[in-house]
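Written below as structure tokens is the structure these notes are about.
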Amino acid sequence: MNSRLFIIGSLIAIALALGLGIIIGHFAITKTTTNTSSKYDRLIKPADQQNYQTFINSIQPANIEANLKDLTSRPHMAGLPEDLESAQVIEQRWKSDGLQVTKPKYNVLLSYPDNNNPNR
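Residue numbers (this note's numbering): 8 to 127.
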């Protein structure tokens with residue numbers, strides 16, 4: 008009976024110590040608040056109305072089919088020269104419509120299919 012009382016007392020003491028530690032830890036650690044919304048404000052700002060209207064006005068239903076045929080007439084697998092040509096065509100069309108265009112350069116590691124050693 009004595010050892011049983013000791014075990015129960017020990018468990019209660021451990022539970023109290025653990026609870027006290029959690030409470031002390033909660034109030035002892037200062038919370039630093041960071042203003043992350045300022046980092047993302049530029050992402051949610053309203054669009055430039057002039058660019059938006061220029062873009063909307065440049066859409067001609069008659070040209071959609073011609074543009075689609077032109078852009079899909081050559082292969083456009085990512086990373087190939089033909090894909091760069093398609094990007095340049097789009098860039099020139101948007102610039103001729105008065106839009107501001109930026110084309111960032113980046114390197115992406117791609118694996119292309121090997122006709123001599125196909126996957127099985």
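Idealized CB from N, CA, C, for every residue including glycine.
Please read all numbers here as calculations on a predicted model, not as lab measurements.
Alpha-carbon to alpha-carbon, residue j and residue i
i      : j      : result
Asp121 : Ser103 : 39 Å
Asn74  : Arg100 : 10 Å
Phe34  : Gly28  : 10 Å
Lys52  : Tyr59  : 13 Å
Asn123 : Lys112 : 31 Å
Val115 : Arg81  : 21 Å
Tyr47  : Leu23  : 44 Å
Asn64  : Ile71  : 13 Å
Tyr119 : Pro88  : 14 Å
7 Å CB neighbourhood of residue i in its chain, flanking five on each side removed
i     : result
Met84 : Asp90
Glu98 : Val108, Lys110
Lys38 : none
Thr3  : With the chain running from 8 to 127 in the structure shown, residue 3 is simply not present.
Host alpha helix (DSSP H) of residue i (start-end)
i     : result
Thr61 : 56 to 65
Leu23 : 9 to 35
Own chain partners of residue i with C-beta closer than 8 Å, once the 5 adjacent residues on each side are dropped
i     : result
Leu78 : Ser93, Val96, Ile97
Leu18 : none
Sequence-distant residues of the same chain with beta carbon closer than 6 Å to residue i, five excluded per side
i     : result
Ala54 : none
Gln67 : none
The ligand ZN heavy atom lying under 7 Å from the CB of residue i
i      : result
Pro120 : With respect to small molecules bound, the structure shown includes none, and the ligand ZN cannot be examined in it.
Counting only runs that start and end within the stretch 72 to 100, where is the alpha helix (DSSP H) found for 4 or more residues in a row? Runs of the alpha helix (DSSP H) inside the stretch 72 to 100: none found.
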